[in-house]
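So the sequences go chain by chain: A and B.
Going by this note's numbering, the first residue of the first sequence is number 110, and it counts up by one from there.
Going by this note's numbering, the first residue of the second sequence is number 38, and it counts up by one from there.
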Amino acid sequence: MSTSQGNDDWRRQRSSAIVARYSAHPTVIGLWSRLSSFDRAILVLFVLILIVAAFGPLVAPYPPTFADPLQRLVSPNGAHPFGTDENGIDVLSRLIAAPRTDVLIAVIATTISVAIGAPLGVVAGYFEGADRRAMRWVSEGTLRLLDVVQAFPVFILAMVLVAIRGTGPVNVVLAVAFVNFPVFLRLVRSEILSLREHPYAEAAVALGNSELGVGFKHLLPNAWPTVLVQVSVTIGFAVLLTAGLSFVGAGVSPPTPELGAMIASGAKFMIIGQWWVALFPGLLLGLIVFTFAVMGDIVGKLMEPGQRTIPSRRPLSKDHIAPAAQAEAAAPSAQGAVLSVRGLAIEASGCPPILDGVSFDLMPGEILGVVGLPGSGKSILIRAIVRLLGQGLQRRAGHVVFRGKDLAELDEKKLRAIRGYEILPLLPNAKSQLNPLVRVGDLMVAHIRAHSRCSRREAHARAARMLGAIGIGDAEHWLAAYPHELSGGMAQRVCLAIALVHRPPLIIADEPTVGLDVTVQRQVLDLMIELCHQSGAAQVLATRELGIVAQYCNRVAVLHEGLIVEMGSVRDVLLTPRHAVTRRLIAAADLRAVSAAATTNTSSEIVR
Amino acid sequence: MTDPLVAVEGLVKRFYLKGQDYVGAINGISFEIGRGETLGLVGESGSGKTTVGRCLLRLVEPTDGRIRFEGSDITRLAKRELKPLRSRLQMVFQDPFASLNPRRTVRQTVEEPLALQRDAPARAWPGMIAEMLKRVGLGPQYLARFPIELTASEQQRVGIARALITSPKLVVLDEPTSTLDPTVREEILGLLRSLQSSMAVAYLFISHDIMAVERLSHRVAVMYLGHIVEQAPTAAIMADPRHPYTRALMSAVLSPDPTRRLPRNLVVGEIPSAINPRRECPFYNRCPIRLDRCLDDVPAMAEVGPQHGAACLRWRDTSELLAEVAPE
């Protein structure tokens, strides 16, 4: 039952096995190099703000509460670069001292919000929909309580709280913490809701963890990255809220240096031309909030699992390559080949190649199996033929000649016309490739009409015929269905039907049946090969199962570390392997072959 | 079997949907597992085999039936009574990467069962962990690594080490090799087998791959739509399968030997929906040799040979019948 669920993870894991592995122990320099110059500037600014908040008053030109009655409302000059306020206090000195109040209140308040919100979020998330009624009620009740709290505008709520308890920094902290804790509760709850579906959550239960143990020891640590991003954003917001409360006189009151109060005291002079009293605190407040908000993104980037690093690969010496494969690589493209790949090399920038000069020819109607160990480059080869490479991968050399056109050099628009029409890529896990919002019929009709002129009605009729051809009865019902209604095998057959609508001369498939049940795999493969025979299409089929190659392919290429090390007819290669890798692949399949032999015998008995 | 390690009787698991509808994931199955024995449970997705494993560990609550483990009934144990049981009853999961907490190192992961059970003093843990990792073929250099730094094979070895460190009596292996490359699959199966002989652990090996099951199991049970349709010692079922579905599973195996002809495909279509199952042969709508009376009731297990049962009315001559209905 969990087969389909595991597929995505399997694919993700496999693709990372091909390209690289993550570094889980990032260094400071590694982290720094991951940031753009804008991010770096923000990071520097952030550190500066923290330094000013911590040590600012030590370097300020005047004490922040030192009032000089003779110097009231002096405009910016040499002695007072930002001028003075109505009491004759130097604005710059107050500015340097003010962030300490705001940032400190915001940080403490946010910490309290997290400390209250996160544990409640774990409980609410983990027990949502739980079997035990009491726990379900706890979860439900918490959420309803939140709805009540969040029904009030944040600022009004904070003002009311301060009004009840009186002004002063402690009450501001409590008010700001109270209005922000629902943010973290909801965030943690939604994170836990998705994390609890991970297999490691179930594994943790199986090991004997209590429910709360799973929630707090296993799930919460995995929710932290998301929470930390929000923490940074919320601190910025809390600074604004603190300043806002002080601005309306409900927060920190003078003479304590505080940005909101400074803006409030300067606002009344704005209109008569003494702009500096309010403007500079306003700008600083904006800068602080902005910096913390952007820091959220930066924290997110830094918490990512890590940069991809490509394992180093020794260049293979040519002696290791079987002679037949060498000969084919050296020869010019064969006459009449549908597809001729010559010296194709793919690399991730600045790293050793993933494909290192792959060459082969494919004749019409031929089915070429591509096999290899994990990470040998099978999937990359399939994708490289139609240039469906992910980000970071590029072609370094080589040509992919399809019917006289070099796909590697073709511009994107012309390639799109070929891709999906003359060449059809079939990728694993068909179900996830179908757009969940588009009905099967609409998808097929759109595909038919994209490449051939016909009416919707004609296209619909053709789509229905195609479904019949691939063994899906009741075509009208399935044409009206959405992809989630299809089983995995059916989805792969629909992809196949879409693939074959235009009778493409070439199909390239990467593990088209992985994750399907064996009896369904048999049906899909039988169908695929039969349709190929009917239309004379050639096929490149990358797979890890030698059984598929042995039973369905004409020729086989063994890929190893980005090179074809052995190639030939399926019989030659599988019965008299030359290369060590081929032998290893056969050995892995061979133990199974012993038993498969027994089965084949019993089955052929049935036939007799 | 005298004094089996696990005895499951009439296990039923239903997942209720809206109203009276339910998914019949397991519809009354019985089996036993002896000490140090492997029972292979084969079936396609949707057959309910994974749910059986999860019922055994009480990760889902059985709807009906009885599960006895080491002689005591564990079907209705309260959650907190389950905890001491966990050290004797463990599980290895299908997806080696996803079943490891990505933020825990190998050491933390393998240590957790010890920390939860506290049967051994904490100072003994490092030695036990090193010893266990050695048994699964991982050196001490792996201790500080995170799951993402391991290959799929190493990840699954860590999963196995975590399951075996408390010396359990039974480990449920839920498709432990199905996402692995064939080369790695063989390694892991070999490892599981050698661990079984050195640690005297019994396995419930759940898989859709009948060949993998054959490699590891002493006995095999074939599941279809929540029923066990055939059960026998491995050699017997491989040599003489009597249920048409078992035959179908075998005929779908692709031999890597190119000189062997592909056996004819015996069944078409896919496993039907498990919602509100009727009392009839579960395989009826895909069966090439069905009879009208197959619709009367779920066929009883017929005794084919010693310990060999098949739930098919036509078990006496399945192979002849199959040869007749669909000649090449």
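All residues carry an ideal CB built from backbone N, CA and C; glycine is no exception.
Delimiting residues of the beta strand (DSSP E) encompassing residue i
| i | result |
| --- | --- |
| Leu204/A | No beta strand (DSSP E) contains Leu204/A, which is instead part of the alpha helix (DSSP H) from 200-235. |
| Tyr718/A | With chain A covering only 110 through 717, there is no way to say anything about residue 718/A. |
| Arg105/B | 101-106 |
| Lys206/B | No beta strand (DSSP E) holds Lys206/B; DSSP gives it neither H nor E. |
| Leu241/B | 239-244 |
Close-in-space but distant-in-sequence residues of the same chain around residue i (CB under 8 Å, 5 per side omitted)
| i | result |
| --- | --- |
| Val247/A | Val232, Ala233, Phe236 |
| Arg149/A | Trp141 |
| Ser421/A | In this predicted model, Ser421/A has a pLDDT of only 43, less than 50, meaning its place in the structure is not dependable; the value taken from the coordinates is given anyway. Same-chain partners within the cutoff: Pro461. |
| Gly47/B | Gly65, Ile66, Ser67, Asp101, Gly102, Arg103 |
| Asp211/A | Val348, Thr351, Ala352, Glu367, Leu368, Gly369, Leu394, Ile397 |
| Gly29/B | The requested residue 29/B does not occur in the structure, where chain B is confined to residues 38 to 365. |
For residue i, the residue or residues it bridges with in DSSP
| i | result |
| --- | --- |
| Ile673/A | Leu668/A |
| Leu477/A | Val649/A, Arg664/A |
| Leu366/B | Lying outside 38 to 365, the shown extent of chain B, residue 366/B is not represented and no answer is given. |
| Val259/B | Val79/B, Glu267/B |
| Ser109/B | Phe106/B |
| Leu471/A | Leu448/A |
| His345/B | Gly342/B |
| Arg51/B | Gly61/B |
| Ile532/A | Arg528/A, Leu615/A |
| Phe68/B | Val45/B |
| Glu521/A | According to DSSP, Glu521/A bridges with nothing at all. |
| Asp465/A | Ala454/A |
| Lys86/B | BP columns for Lys86/B are empty, so no partner. |
Neighbourhood of residue i by C-beta distance below 6 Å, restricted to the same chain and skipping five residues each side
| i | result |
| --- | --- |
| Ile225/B | Gln193, Thr214 |
| Glu475/A | Ala647, Asn663 |
| Ala227/A | Phe293, Val297 |
| Leu217/B | Ala189 |
| Ala347/B | Glu267, Arg279, His280, Ala339, Val341 |
| Pro424/A | Any reading at Pro424/A is ruled out, since the residue's pLDDT is 48, under 50, leaving its predicted position unreliable. |
Endpoints, the alpha helix (DSSP H) within which residue i is located
| i | result |
| --- | --- |
| His189/A | Note, His189/A: premise wrong, no alpha helix (DSSP H); not H, not E. |
| Gln503/A | From DSSP, Gln503/A is part of no alpha helix (DSSP H) but of the beta strand (DSSP E) over 502-511. |
| Val629/A | 627-644 |
| Ser374/A | 368-379 |
| Lys326/A | Counting along the chain, Lys326/A falls outside any alpha helix (DSSP H), and DSSP gives it neither H nor E. |
| Tyr282/B | 281-288 |
| Ser231/B | 219-236 |
| Leu94/B | No alpha helix (DSSP H) contains Leu94/B, which DSSP labels as neither H nor E. |
| Gly246/A | It should be pointed out that residue 246/A corresponds to Trp in this sequence rather than to Gly. Looking at the DSSP string, the run of the alpha helix (DSSP H) that includes Trp246/A is 242-259. |
| Gln601/A | 597-609 |
| Thr355/B | 355-362 |
| Leu182/A | Per DSSP, Leu182/A belongs to no alpha helix (DSSP H) and is neither H nor E. |
Residue i and residue j closer than 7 Å at C-beta
| i | j | result |
| --- | --- | --- |
| Ile372/A | Pro390/A | yes |
| Val209/B | Met128/B | yes |
| Pro461/A | Pro173/A | no |
| Ala359/A | Met244/A | no |
| Lys120/B | Gly317/A | yes |
| Val297/A | Ala215/A | no |
| Gly645/A | Pro473/A | yes |
| Phe511/A | Leu588/A | no |
| Arg492/A | Glu456/A | no |
| Ala176/A | Gly197/A | yes |
| Pro293/B | Gly656/A | yes |
| Ala590/A | Val549/A | yes |
| Thr203/B | Ser109/B | no |
| His245/B | Glu81/B | yes |
| Asp619/A | Ser468/A | no |
| Ile381/A | Thr219/A | no |
| Lys522/A | Ala600/A | no |
| Ala568/A | Ile557/A | yes |
Other residues of its chain near residue i: CB distance less than 7 Å, five sequence neighbours each side excluded
| i | result |
| --- | --- |
| Leu304/A | Ala310, Leu328, Asn331, Ala332 |
| Val290/B | Ile247, Met248 |
With a floor of 4 residues, list each alpha helix (DSSP H) that falls wholly inside the segment 139-216 of chain B, ordered by position along the chain. DSSP runs (the alpha helix (DSSP H)) wholly in the segment 139-216 of chain B: 143-154, 162-172, 189-201.
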